[in-house]
Amino acid sequence: MAPVVRVADVPGTGWYVLAGVVAFATLAATVGIAVWFYLEFTSAEPFLAPGRHSVELAKPGSYLVWNDYRTVHQGRSYDEPKQLPKGARISVIDKTSGRELPLGSYSGATSSTLNTESVAVAQFSIARPGAYEIVVEGDFPPRVFSVGRNLLFQMFGAVFGAIALVIVGFSAALAIAGWAYLRREEAARAAQGVQSGAAAAATAPDQPAMKRLTAIVYGLQIASFVFGITLIAGVIINYLKRKDVEGTWLESHFRWQIRTFWFGLLWSLVGVVLLFVLIGILVLMGTMAWVLYRIIKGWIALEDGKPMYQG
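Here the working numbering is used: position 20 in the sequence shown is 453, and no number is missing along the way.
(1) Excluding sequence positions up to five away, which residues of its chain have a Cβ less than 8 Å from the Cβ of leucine 673?
(2) Tell me the rounded alpha-carbon separation between serine 524 and threonine 546.
(3) Does the separation of the CB atoms of tyrosine 565 and valine 488 fall below 8 Å?
(4) On the three-state DSSP scale, how would you describe glycine 749?
(5) Just to confirm, is the Cβ distance from alanine 482 to valine 569 under 8 Å?
(6) Using a beta-carbon distance below 8 Å, is alanine 452 in contact with chain D?
(7) What three-state label does DSSP hand asparagine 548 in the structure shown?
(8) Out of Thr647, Trp682, Thr681, point me to the one whose CA is closest to isoleucine 745's CA.
(9) Does the separation of the CB atoms of aspartate 512 and threonine 549 fall below 8 Å?
(10) Go ahead and pull the three-state DSSP assignment for glutamine 556.
(11) Taking 7 Å as the limit between beta carbons, can you name the residues of its chain near phenylalanine 603, skipping five residues before and five after?
(12) Take every Cβ of the stretch 590-609, pair it with every Cβ of the stretch 506-522, and state whether three or more of those distances are shorter than 8 Å.
(13) Just verifying my parser: in three-state terms, what is the DSSP assignment at arginine 617?
(14) In this structure, does DSSP put arginine 764 in helix, strand or coil?
(15) What is the DSSP secondary structure of tryptophan 732, reduced to helix, strand or coil?
(16) Please classify leucine 683 as buried or exposed, where buried requires at least 16 neighbouring CB atoms within 10 angstroms.
(17) Could you give the C-beta distance for alanine 553 and phenylalanine 470, rounded to a whole number, given that I count them as a contact under 8 Å?
(18) Cβ of threonine 647 versus every heavy atom of the ligand MG: is any distance shorter than 7 Å?
(19) Leaving out the 5 sequence neighbours to the left and right, which residues in its chain are closer than 8 Å to isoleucine 728 when beta-carbon positions are compared?
(20) Ends of the alpha helix (DSSP H) at serine 530?
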């Protein structure tokens with residue numbers, strides 16, 4: 434006799450709606466981050482140097498002075514060397530107090546727009562909005578400088594925040610939808626009187642359906658090199674179906690796949706953090722090679738009907 438399936442145990446279609454709401458909320462929040470950064474962004478204000486330029490700075494915080502070495506200003510094109518002219522000196526004065534602000538070096542940061550290429554040459558901070566004067570001294574032909582807010586940290590924060598939000602939000606939506614789908618499928622099989630047969634097949638070491646599912650997970654892991662999110666879909670399947678492979682040789686493959694996901698994610702995060710000191714590129718490349726090795730090794734063992742060792 435087929436086991437009785439209680440209606441209360443079967444997830445309703447409302448779970449799919451919830452998954453859609455989570456995905457939509459994730460998309461909306463990501464767009465919100467982009468809109469916030471767009472509203473925070475203000476174009477740098479150009480001026481000719483050498484000379485003195487008064488500017489109204491509307492928000493407290495960090496600002497950059499840029500050397501616009503290739504640009505168009507007031508109808509004239511400028512194409513100057515990227516390096517500052519020899520002997521050039523930059524200072525910033527608070528016009529309210531007459532005090533010269535501390536100026537920090539900020540060489541190396543670059544910016545490129547449709548008709549302007551710039552390199553940051555100095556950084557300063559203001560505690561309150563107001564009128565300030567940018568003074569560029571030196572004996573050199575006129576060239577264009579500009580001053581604007583330093584939004585580099587906000588930009589990195591917005592980018593990484595949006596990436597983390599997309600990963601977490603869409604993973605949650607996928608997990609909810611995947612859980613509901615698998616539970617409803619199991620309930621449907623039980624209602625048709627095939628649950629007992631499926632359970633018996635799941636205990637067999639060469640159970641075809643679970644072997645195909647294990648291969649699908651390996652396929653999702655491979656596809657993650659192109660689509661990314663499929664790696665998360667694979668580990669969700671591992672966690673939802675691992676009880677069905679307990680005590681079989683396929684259990685070792687599920688364990689292998691789960692560890693591939695978590696250790697790959699850990700080293701990827703380490704690589705992203707270390708991108709600021711360049712070695713992160715090597716860490717990310719090594720992580721990709723290690724993940725690919727484990728996928729190929731596991732898939733070959735699966736096709737040969739062999740379990741995976743602990744690792």
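Ideal Cβ placement from N, Cα and C applies to all residues, glycine included.
For this structure:
(1) Gly611, Trp612, Leu615
(2) 26 Å
(3) yes
(4) This structure cannot settle anything about residue 749, because the visible part of the chain is limited to 434 through 744.
(5) yes
(6) Judged by its chain identifiers, the structure shown contains no chain D, having just a single protein chain.
(7) coil
(8) Here the chain comprises residues numbered 434 to 744, so residue 745 is not present and cannot be evaluated.
(9) no
(10) strand
(11) Ala456, Thr459, Ile662
(12) no
(13) helix
(14) No information on residue 764 is available, as it lies outside the stretch 434 to 744 that the chain covers here.
(15) helix
(16) buried
(17) Actually they are not in contact, since the Cβ atoms of alanine 553 and phenylalanine 470 sit about 19 Å apart, beyond 8 Å.
(18) In the structure on display, the ligand MG does not appear, and there are no ligands present to speak of.
(19) Tyr651, Gln654, Ile655, Thr693
(20) First-last for serine 530: undefined, no H or E at that position.
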